[in-house]
Structures are given as structure tokens and as C-alpha cells.
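Below is one structure, written out as C-alpha cells, with a few remarks after it.
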Amino acid sequence: RTCVEIVQGHLDRINAYNAQLNAFLTVYDQEALARAAEIDAKIKQGTAGPLAGLVVGIKDLLCYADHPSQAGSQILNGFQSTFSATAVQRLLDADAIIIGRQNCDEFGMGSTNENSSFGPVLNFANTARVAGGSSGGSAVAVQAGMCQVSLGTDTGGSIRMPAAFCGIMGLKPTYGRVSRWGLIAYASSFDTIGPMAHHLEDLALVLKTIEGKDGYDSTVVDDFDTSYASKKKVAYIKEIVEHPSLQPEIRDAFFAHVETLKSAGYEVVSVDFAYIEQLLPTYYVLTTAEASSNLARFDGVKFGHRTADAKDLMELYKKTRDEAFGEEVKRRIMLGTFVLSADYYDAYYTKAQQVRRLIQERTLAILADVDFIISPTTSSTAYKMGEKTLDPLQMYLGDLFTVQANITGLPALSVPMGEDIAGLPMGFQVTGKAFDEQGLIDFAKIFE
Ligand code: GLN
20 RTCVEIVQGH LDRINAYNAQ LNAFLTVYDQ EALARAAEID AKIKQGTAGP
70 LAGLVVGIKD LLCYADHPSQ AGSQILNGFQ STFSATAVQR LLDADAIIIG
120 RQNCDEFGMG STNENSSFGP VLNFANTARV AGGSSGGSAV AVQAGMCQVS
170 LGTDTGGSIR MPAAFCGIMG LKPTYGRVSR WGLIAYASSF DTIGPMAHHL
220 EDLALVLKTI EGKDGYDSTV VDDFDTSYAS KKKVAYIKEI VEHPSLQPEI
270 RDAFFAHVET LKSAGYEVVS VDFAYIEQLL PTYYVLTTAE ASSNLARFDG
320 VKFGHRTADA KDLMELYKKT RDEAFGEEVK RRIMLGTFVL SADYYDAYYT
370 KAQQVRRLIQ ERTLAILADV DFIISPTTSS TAYKMGEKTL DPLQMYLGDL
420 FTVQANITGL PALSVPMGED IAGLPMGFQV TGKAFDEQGL IDFAKIFE
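Residues 20 to 467 in UniProt numbering are what the sequence shown spells out, letter by letter.
See the structure below:
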């Protein structure tokens, strides 16, 4: 099939389902078709790039030159970036086709996509259920066949959790593998960009395209060593598989996977992890601190929304932020400002940094003895719409299994693990050693 036909096929799916599912905020239909025609011509001439015709959607947290990016927020209403995120630019340079901008929780803050100022995204497996978040639009777009690959972001599970809820694959790369340039920052020491798709090869192909050194992000490295000797040994964390929140069907499906691994010649061991209770507090203290600082730039002066009536500069800042930030974003800014305040900095922020180090050291100690750490991606299948919105702490608890990879910076992959009796998808998560994304992908082929 030609690229034009492939794009048209995805546009047909978008036209059929997007009005209900709310996965795409803007669809670049004419532009995508025009680009597809150009790429078809390049294919004829033998000059097309390695991703020729790959139909990609991008999360609203990523900048795309001369296109809107709003981070799911009203505070960026009207904003168009003058440049593209490095990851987006590299996809374009490889002749991928960007078909649209995808809904997400405001600034990536949420686990259900219900914190988007554009309304929730519906799960295509069951539209009374949430898509997961924060990359919910990106997950459902792939799930419903509206694009082949989505580019999501993962600060605390936002690629893997919606991937699990929607029955697709999602890869959170090692921190420092993919440039964050052009990613609207939430928590800079946690934020990553990664692919979501139906097939492992697509994840590998896209990662290969977007990764690597970039003059705009000094945290990206190329010179890593991944010559890890395979031990044919994996570990699961006892406190996770025994966690009271874990849905029994997910536990059963997980242990069926453990059996598959044993049949494939893997030794599977149970390990202790003493910091299970510290994972979420560490994550939420540090990410709110970073968010309160990162979001200070949205003041009504430089970009996006500006209040219509302000007497002076202070009132301009206050009214703009009050009018255009959502409830959850305000909550995080308040929390972050509190943990960074002079009187409480040592008790919260410094303490959380210390615990972050302990979590990293223990996780690396586990990985020194095995190839991978395996777990369910989430403790339950997709929630009912509205089920968690009244109690933010309940919402935060849903991130328990995913935040360890972000606290430690390690790569983690979620792949489908069948469905529960209600037909809702479940996810299997593999966490690996630094920069061992290829190892994760090769390992997951056992379950493909
Ligand atoms: N649920 C996490 C949070 O709200 C997800 C963050 C993310 O990965 N963007 O912080």
C-alpha cells in the first residue's frame, strides 16, 4: 500500500472513533496526506528515510514547530512552538508522518487522563473505563488503530500505565537516552520520552531514531556500555506481588508468565524490597518540588493565556494562573512550594533526595544479580470513569508499581498480559539495567 493509503486508513479510523474517544486534540489530516504523497515519491526514487510512512501521533506535551502544544492545559491556550522537540524532529527527518496531537493529563499530572482540560479519553476496550494516564490519548490512539506509534512521556508511569490499561506496549527509556528538548517540563530529573505501539519492533525502531546525543540536552549520553552478560535470571519483588491492592486475576496472570519464563529456561527469584512504602512519598515530594519550579514560567507574560483584567503585574500573574491551571496542577504547585519552603526543605525535599538514593542503591543491588526485575504494570485494570477523581491519594496509589523506574532512571517496558474476565487488558512490566532497552525488547519477545 502507498503511504497515502496508509494515512487515509488511519484518518478513517480517527473519523469513525475520535469524536467519542477524545484521543486526538488536533488532527493534521491535510498535512499528513500531503506529506504521505511526498514520501511516496521519495520511495519511488529510493530516497525515503528509515521510517518512511510510519504514522505517528504525539502527546500534547511535545513541541512541534508551528503547531499547537498545550500540555493538556488552558494556560497554553494559543501557544505554538517555534521549534520541534528533538524526538519529534528526528521522526520527521526519518520520514515518519505526524498525524495529530494527543490528549493527556494537564502537564502529565494524573493517572487516568481525567485531569485534561480537554476532557477525559475513553478506553476503547470499554468506554465506561479510563484510558490511564497521563499519556491516555497516545495509548487509545494506538489501541483504536488511529496511528501506528505514539510518542508519549513517562515521569512516573505515564507511558506504561495507559499502555497496560489499553492492551498495548509502551517503553520508558533510561533517563538520558532520549533528549528532553522540546518536552514541556514536569519534573526534569524524572521526565522521559518514549514510544507506544502494538509491536516490539516498532518500539525498537522508534527508539533508535529518537535517541542519542543532542546539543540541547546535556543529560543525554551516547557512550554507554550495555555488554551485560545474561544470567538467564529474573527477580520479582515480594512486597509487590503480595501487595493487598493487587487484583487477584493480575496476580494469576503474572504467575502464569513466571511459569512461561521457567519453561524458557529462566531462573525466577523472589527478592525483598524494604522501601516499598517510600516509593510514592519520594516520587510525589520530588516531582511536586520540580513541578512547582518548572511551572513558574507560566505567568501570562511570555506565552499562552493572559487574564483579561489585571491592575498590576502581581495581579496579572495571580489571575492568569488561577484562571487557567486545573485543580490537580494547583495542588501540585502548592505541595511543591511547601516542600521547598525554607522551613520545610530539609524535612521533605532533602530527605526525599536521600531516600531516592537508597531506592536506587537497593534496586541496582537487585539488578546486579539478575537480568531484569518483573512485575505487573499496575495493581488493577482500568478504573471506572470518575472512580478516583474525588480522592487524589487513591489516584497516586495507582502509580505504586511504575514509579520505581523513574526514581532510579532505569528503562522499563510494559507489554500486554491478557485480559481479565471483564475483557479489560492487563500489563506485564520488565525493568532493566541502564541503557538495556534492547535487552528488555528481546526478553519480551517470549510473550509476543
Ligand atoms: N501519575 C503520575 C503523576 O501524576 C504520572 C506522571 C507521568 O508519568 N507523567 O505524577
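Backbone N, C-alpha and C define an ideal beta-carbon position, used for all residues, glycine too.
As the structure is a computational prediction, the values presented were derived from the model and not from experiment.
- Fewer than three Cβ pairs drawn from the region 99–115 and the region 405–414 lie within less than 8 Å of each other, which leaves the two stretches out of contact.
- For residue 414, the uninterrupted alpha helix (DSSP H) segment begins and ends at 411–416.
- Beta bridge pairing from DSSP links residue 148 with 403.
- Assigned with DSSP and collapsed to three states, residue 43 falls in strand.
- Look at residue 433 here: in three-state DSSP terms it is strand.
- Collapsing the DSSP output to three states places residue 368 in a helix.
- Under DSSP, residue 380 shares a beta bridge with no residue.
- Partner residues in the beta bridge of residue 169, as assigned by DSSP, are 76, 215.
- Of 54, 72, 106, 121, the smallest CA-CA separation from residue 33 is found for 121.
- Residue environment for residue 107: buried (at least 16 other C-beta atoms within 10 angstroms of its C-beta).
- Per DSSP, reduced to three states, the secondary structure at residue 194 is coil, with no helix or strand assignment.
- Between ligand 1 and residue 205, a heavy atom-to-CB distance of less than 7 Å is present.
- Counting the other CB atoms within 10 Å of its CB gives residue 353 a total below 16, which places it among the exposed residues.
- Close CB contacts of residue 39 within its chain, under the 6 Å cut and outside five residues either way in sequence, are absent.
- Assigned with DSSP and collapsed to three states, residue 157 falls in helix.
- Cβ-Cβ separation between residue 144 and residue 151: approximately 11 Å, too far for a contact (criterion under 8 Å).
- Between ligand 1 and residue 153, a heavy atom-to-CB distance of less than 7 Å is present.
- For residue 410, the shortest C-beta to heavy atom distance toward ligand 1 is 7 Å or greater.
- When the beta-carbon positions are compared, residue 71 and residue 126 stay at least 8 Å from each other.
- Note on residue 289: under 16 other CB atoms within 10 angstroms of its CB, so exposed under the neighbour-count rule.
- Per DSSP, residue 351 lies in no beta strand (DSSP E) segment; the continuous alpha helix (DSSP H) that holds it begins and ends at 346–358.
- Counting along the chain, residue 446 sits inside the beta strand (DSSP E) bounded by residues 444–450.
- In this structure, residue 187 keeps its C-beta atom at 8 Å or more from the C-beta atom of residue 212.
- Counting the other Cβ atoms within 10 Å of the Cβ of residue 192 gives 16 or more, which makes it buried.
- Judged by the Cβ position, residue 173 qualifies as a neighbour of ligand 1 at the 7 Å threshold, a heavy atom of the ligand being closer than this.
- Only buried fits residue 175, as 16 or more other CB atoms lie within 10 angstroms of its CB.
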